[in-house]
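Presented below is the structure to which this report refers.
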Amino acid sequence: MMKFATEAQKACYERIASWMKEGFTEFVMFDRNQPAWGISIGEGILGEIIVAPWGDDEAIVRIRAHVVVGARLSPDLMRYLLTKNHKLRLGAFTIDDDGDILIERTVLGPACSKRDFGLSVASVIQAALEYHGEIIRRWGGQIALRGLFERFRKEGRKAKSGPRSRKRAAVVS
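Heads up, the sequence shown is in this note's numbering, so the first residue is -15 and it goes up one at a time.
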């Protein structure tokens, strides 16, 4: 059963959920345990949309796409990512705790319109599709979905097909 930390998080989740059902049914995985969705796009890009509490009275919507897993995190790559951040319209490159490269955009939940949400998701995914090939070619690593499957296998975690997906997609258990 899904649990919410605040009423604001719940209200924001319900609004975003209706938009997800309208626009992303072909390649979305709904998480039954947390206010989040996974999206499998194109050549193995894994997107995530997470509704999180922000204080007691607000919620944020984090829209991100895993770009590359396992790249060499060199100063040259960091400079490349920072330079490209300047060119991205919505979102920015970031590196998570595992050293994976992502593109992420965060919007304030109550202020997020359906149009802003759709543009944000499209922009983040488009940027991931645009840049992953060059990053892999220059600094190594793997396309996100393949790299995450390999990591989960090494860690003994399972990846399975999403219950609402018509295409092959991953949900981590």
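Glycine residues also receive a C-beta, built at the ideal position from the N, C-alpha and C atoms. Model, not experiment: these values are computed from the prediction.
Tell me residue i's beta-bridge partners as DSSP assigns them.
i    : result
H50  : L30 and L86
T158 : Here the chain comprises residues numbered -15 to 157, so residue 158 is not present and cannot be evaluated.
A76  : E88
V161 : Since the displayed the chain opens at -15 and closes at 157, residue 161 lies outside it and no answer follows.
E42  : W38
Q158 : The requested residue 158 is not part of the displayed model; the chain covers only -15 to 157.
When the Cα atoms are used, what is the spatial distance from residue i to residue j?
i     : j    : result
S157  : N17  : Caution applies to S157, whose pLDDT of 27 falls short of 50 and renders its modelled position unreliable; the value that the coordinates give is listed next. If I take the Cα positions, the gap works out to 10 Å.
R63   : D100 : 29 Å
R73   : L86  : 15 Å
E114  : V51  : 9 Å
P19   : E6   : 17 Å
C(-4) : A43  : 7 Å
L65   : S58  : 11 Å
D15   : I34  : 10 Å
D60   : R121 : 14 Å
Please confirm whether residue i and residue j have their CB atoms less than 8 Å apart.
i     : j    : result
I119  : G31  : no
A(-8) : G117 : no
I47   : S104 : yes
A76   : E88  : yes
G125  : V53  : yes
V91   : V45  : yes
Taking buried to mean at least 16 other C-beta atoms within 10 Å of its own C-beta, is residue i buried or exposed?
i     : result
D84   : buried
S149  : Only weak support exists for where S149 lies, its pLDDT of 32 falling under 50; the coordinates are left without a value.
G22   : buried
R(-1) : buried
With residue i and residue j assumed to form a contact (beta carbons below 8 Å), what rounded beta-carbon distance in angstroms separates them?
i    : j   : result
A128 : I29 : 6 Å
A112 : P37 : Actually they are not in contact, since the Cβ atoms of A112 and P37 sit about 26 Å apart, beyond 8 Å.
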